[in-house]
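full-length UniProt numbering applies: residue 1 is where the sequence shown begins, and numbers increase by one. All residues carry an ideal CB built from backbone N, CA and C; glycine is no exception.
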Amino acid sequence: MSARSRARRRALELLFEAGQRGLDIDEVVAMRSNDPAYPMKPYAVEIVDGVKAKREEIDEIISTYAQGWTLERMPAVDRALLEIGTWEILFNDEVPDTAAIDEAVTLAKQFSTDDSPGFVSGLLSRILDVKPTLI
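If you want it as structure tokens, here you go:
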């Protein structure tokens, strides 16, 4: 597993934990930064900070293109993966768009429902299709 893949996984864990516990993401990052067994990856913090900074815009985009699904109805893991993938596609030029989608799908296969990889892939692919109109 590449360093960026591990960082994405860590970002997923942080976003998921913050959402499930109703905590501010900065509080969760601070708590987890002191874990010597699982050191914080700089790219994980970059992802989390990016999602936090653009969350309103990201969630609006996800809601717009998630036909028939509200954010509240989505599994929490899927929502976090979609936020990460959308941030990477729209706001991080260092990551190839297809890599962002592939990584989100891989994490969905590992951590979410059987239907999640297809849902995540379809929605992020749609966001990629409309990217020129969004940025």
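Neighbourhood of Val105 by C-beta, 7 Å cutoff - its chain only, sequence neighbours within 5 removed: Cβ within range, chain order: Pro117, Val120, Ser121.
Close Cβ partners of residue 136 (< 7 Å) along its chain, the five nearest in sequence each way excluded: Summary: the structure shown does not reach residue 136, with the chain confined to residues 1 through 135, and so no result is reported for it.
Proximity below 9 Å, CB of Tyr38 to CB of Ala3: If you check the CB distance, Tyr38 and Ala3 do not come in under 9 Å.
Ser33 in three-state terms, based on DSSP: In the three-state reduction of the DSSP assignment, Ser33 falls in the coil class, being assigned neither a helical nor a strand state.
CB of Leu90 within 9 Å of CB of Ile47, strictly: No, these two residues do not count as a Cβ contact at 9 Å.
Glu103 - containing alpha helix (DSSP H), residue span: It spans 97-111 - the alpha helix (DSSP H) in which Glu103 sits, taken as one unbroken run.
Contacts around Arg10, its chain only, beta-carbon distance under 6 Å, and the 5 residues preceding and following it disregarded: Contacts found: Lys41, Ala44.
Cβ contact (3+ pairs, closer than 8 Å) linking the segment 59-70 and the segment 24-31: Touching, no.
Which listed residue (Ser112, Leu124, Ser33, Asp78) has its alpha carbon closest to that of Thr98: That would be Leu124, whose Cα lies nearest to the Cα of Thr98.
Ser33 burial status per 10 Å Cβ neighbour count (16 or more: buried): Ser33 should be labelled exposed.
Environment of Glu103 [buried if 16+ CB atoms lie within 10 Å]: When all chains shown are included, Glu103 counts as buried.
Among Glu88, Asp129, Trp69, Ile135, nearest to Asp49 - alpha-carbon criterion: In this structure, Glu88 is the residue among Glu88, Asp129, Trp69, Ile135 with its C-alpha nearest to the C-alpha of Asp49.
Rounded C-alpha distance that separates residue 145 from Asp115: Nothing about residue 145 can be read from this structure; the chain reaches only from 1 to 135.
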